[in-house]
Amino acid sequence: MPFFVPPRVSGDADFAGHGPQMDIDFELQIRNLNELWIAMRIWGSEVPGTTGVHGDRFYHIATTPTRITALSPNPCPSMDFPGCGPEFSHHYFDTGHSLDAFQFPQVPGNTRIVKSLTCVGDTAGNEAGSRTGCEAVLHDLTITFE
57 MPFFVPPRVS GDADFAGHGP QMDIDFELQI RNLNELWIAM RIWGSEVPGT
107 TGVHGDRFYH IATTPTRITA LSPNPCPSMD FPGCGPEFSH HYFDTGHSLD
157 AFQFPQVPGN TRIVKSLTCV GDTAGNEAGS RTGCEAVLHD LTITFE
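See below:
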């Protein structure tokens, strides 16, 4: 999933070494019965302070010729997306100006959808709305359809 920079929603454009607290959610959606989409939602909040970013981007994963009936990995007990969501969340407090990289190995039960996450929180200078954001790699998905 390509790098996404959510818009600045509050304060000035500089986290100024105060985090941010980064909260990232991923939510699956099935549209039109045969399209698989995933949303990446990012919140970044200056702590303490008023600078904040928030936004989401939807990524089209696949379109099948008929109705999607199953997905693996599937963190939900059913195909009720987004009813059980978010299907994956990660939260951390940024403490520097470097890239923040996280790895998420698959777990027993094959329920984890995100394999890796790379984020930019604070930088040297202004970043809220221009550089703060994330990109992700998903675990391999198997889609079953009628």
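Numbering (my numbering) for the sequence shown: 57 to 202.
C-beta: ideal position from N, C-alpha, C; glycine also.
| Query | Result |
| --- | --- |
| Could you tell me which whole beta strand (DSSP E) segments of length 3 or greater appear in the stretch 63-125? | 64-66, 77-87, 91-101, 108-119 |
| So does the stretch 63-74 actually touch the stretch 123-131, counting three or more Cβ pairs closer than 8 Å? | no |
| Distance check for residue 71 and residue 156, CA to CA, integer angstroms please. | 16 Å |
| Would residue 173 and residue 98 qualify as a contact pair, given that the criterion is a beta-carbon distance under 8 Å? | no |
| If you reduce the DSSP assignment to three classes, tell me which class residue 134 lands in. | coil |
| Tell me the rounded alpha-carbon separation between residue 118 and residue 146. | 24 Å |
| Can you tell me which of 171, 154, 166, 167 puts its alpha carbon nearest to the alpha carbon of residue 160? | 171 |
| Where does residue 175 sit, in a helix, a strand or coil, going by DSSP? | strand |
| My guess is that residue 90 and residue 201 are in contact by the Cβ rule of under 8 Å, so how many angstroms apart are they, rounded? | 7 Å |
| Please state whether the Cβ-Cβ distance between residue 62 and residue 141 is less than 8 Å. | no |
| When DSSP labels each residue in this structure, what does residue 194 get in the three-state scheme? | strand |
| Between the alpha carbons of residue 163 and residue 195, how many angstroms are there, rounded? | 11 Å |
| To the nearest angstrom, how far is it from the Cα of residue 154 to the Cα of residue 121? | 43 Å |
| Give every residue of the same chain whose Cβ lies closer than 6 Å to the Cβ of residue 187, excluding the five residues on either side of it in the sequence, and list them in chain order. | 176, 179 |
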